[in-house]
Every structure is written in C-alpha cells, then in structure tokens.
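See structure below.
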Ligand code: SF4
Ligand code: SF4
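In my numbering, the protein residues as written are 714 to 936.
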C-alpha cells in the first residue's frame, strides 16, 4: 500500500518531465497495469492486466503479449491503449504503442519475465513487445481528509490533457463558484476567479452554478 507523499511527491507547477518520471517510476514499481483497448469490432472496450517494464535506459514503458492474443489483434487495428495502475495513488497513461523488436529490448524482457519465457519457450518469436511511444497521463491521489492531488503530463510529443474546467474572460468576480466549489480550490485573483487544478475534483459544480457562462468545459480528443 502506497504511504508516500501525496501525488507521488509532485507539487503544483512541477515541470512535465518530473511528473512523467514520477508516474512512470510508480507504474514500474507496481509492475502491472490494467489496459483498456478497443476490441476488434472497433466499438467496444476490452480490458486486461499486463506487466509493465523499463527495458531500455531511457525509461520508456514496455508491455508484451502473445501474437495469438486478442490484444495483439486489437493493437494491429488501433494501437492505442488507456492503462491504469492503482495502489492508493492512481496513474493513468493513454497513448500509442509501437512494436519494438530490438534484440536488446527482447533480451531484457525475458530477463525480467523468466516465468513468461518458460511458458513461451517453444517459440519465443510468438511474443510481441510494445513500447509506449507517445501519449499523456495523470497522477491522481485522494489523501488525508479527502483532499485531492492531481497532476498531468505528456510524453513523446503529445500535449497533456487539458483541464476539464477553465474560467474564461466573462468572469465578473461574483464569487458564486468560490462558495460552491466542493474542494475549495477556486480562489479570487484580483477581480476574477481562478481554479487551482491540482486540487480540483472535476465535478463540474462550478460549471453548472456560474450564472455568467464564465466556465468552459473542455473537450478532449486524442485519437
Ligand atoms: S461564478 Fe462565474 S462569474 Fe462568478 S466568479 Fe465564478 S466564474 Fe466568475
Ligand atoms: S470542477 Fe468541482 S472541484 Fe473543480 S473547481 Fe469546479 S467545483 Fe471545484
């Protein structure tokens, strides 16, 4: 059970690479994630647990699956996954997988997965190793007294996912959202309100209660 500092030690304003590294290190220590991908019908989601590793010195995350698995077929059709690892803290990573057939990578995979190697020993070529090439993710932690800590990151050239709610320039500073916010994470900055996204639950109460249409709900489309 995770007993470290909130949000894996990440503070508001920390740089992208620091957040990404904290998230990837947590996942690597956890050793597995639950992977959601789109089934071969192209519509429905499927889910399974896969081991995750660092197999190079650049700290990329890798997963593997047999070529006979449905996961392999799904990756052939749409090599995009959303994966989550939870141990009190949760880390989500959504992104594109690429096949990585480098011998050095495969060697490290078998070194770290002796049991899987034994299972597939009659034909190791039947096993595919993938690398998370690019994507975005989030560290999310509900800690003492139900406080929230949330930090987002990206890797491989993607942008971090935008925050769900943002206050726009129609804000009159009436303060209704400040009063209504369930996490007390909206504060006045001069005449206008601002959301501290690190502590935001993304519940949307501010969005629904603003009488001036001054809070936008951001759409997010990665694929
Ligand atoms: S309720 Fe709307 S207008 Fe009022 S302070 Fe909040 S964002 Fe600004
Ligand atoms: S989405 Fe919810 S938690 Fe976040 S600022 Fe708005 S009211 Fe507060």
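We treat Cβ as the ideally placed atom computed from N, Cα and C, and that holds for glycine. Quantities reported herein were computed from a predicted structural model and do not represent experimental measurements.
Check, Outcome
"Between the region 803 to 813 and the region 730 to 742, do at least 3 Cβ pairs fall closer than 8 Å?", "yes"
"Kindly examine ligand 2 and report whether one of its heavy atoms sits closer than 7 Å to the Cβ of residue 931.", "no"
"Closer than 6 Å is what we want: which residues have a beta carbon that near any heavy atom of ligand 2? List them in chain order.", "878, 894, 895, 896, 898, 899, 908, 913, 914, 915, 916, 917, 918 and 919"
"How many angstroms separate the CA atom of residue 833 from the CA atom of residue 825?", "14 Å"
"Given a cut-off of 8 Å on the beta-carbon distance, is the pair residue 719 and residue 927 in contact?", "no"
"Anyone know if the C-beta pair for residue 787 and residue 765 falls short of 8 Å?", "no"
"When the cut-off is 8 Å and only beta carbons count, does residue 925 lie next to chain C?", "Absent here is chain C; the protein component of the structure consists of one chain."
"What residues in its chain sit with their C-beta under 8 Å from that of residue 821, if we drop five residues either side in the sequence?", "766, 768 and 769"
"Quick check on this structure: which residue in 918, 780, 784 and 932 has the alpha carbon closest to the alpha carbon of residue 873?", "932"
"Answer yes if the region 909 to 920 comes into contact with the region 878 to 885, meaning at least three C-beta pairs across the two stretches below 8 Å, and no otherwise.", "yes"
"Taking the Cβ atom as the reference point for each residue, do residue 811 and residue 846 lie within a distance shorter than 8 Å?", "yes"
"Three-state secondary structure (DSSP) at residue 881?", "coil"
"Only counting the same chain, and skipping five residues up and downstream in sequence, which positions put a Cβ closer than 8 Å to that of residue 888?", "901 and 906"
"What is the rounded straight-line gap between the Cα of residue 732 and the Cα of residue 836?", "39 Å"
"Is the beta carbon of residue 927 within less than 7 Å of some heavy atom of ligand 3?", "Because ligand 3 does not appear in the structure shown, any question about it cannot be addressed here, the ligands present being ligand 1 and ligand 2."
"Would you mind giving the Cβ-Cβ distance between residue 796 and residue 746, rounded to the nearest angstrom? I have them listed as a contact below 8 Å.", "4 Å"
"Does the beta-carbon of residue 816 have 16 or more other beta-carbons within 10 angstroms, so that it is buried, or is it exposed?", "exposed"
"If the criterion is Cβ atoms closer than 8 Å, does the pair residue 773 and residue 844 meet it?", "yes"
"Does the Cβ-Cβ distance between residue 890 and residue 919 come in under 8 Å?", "yes"
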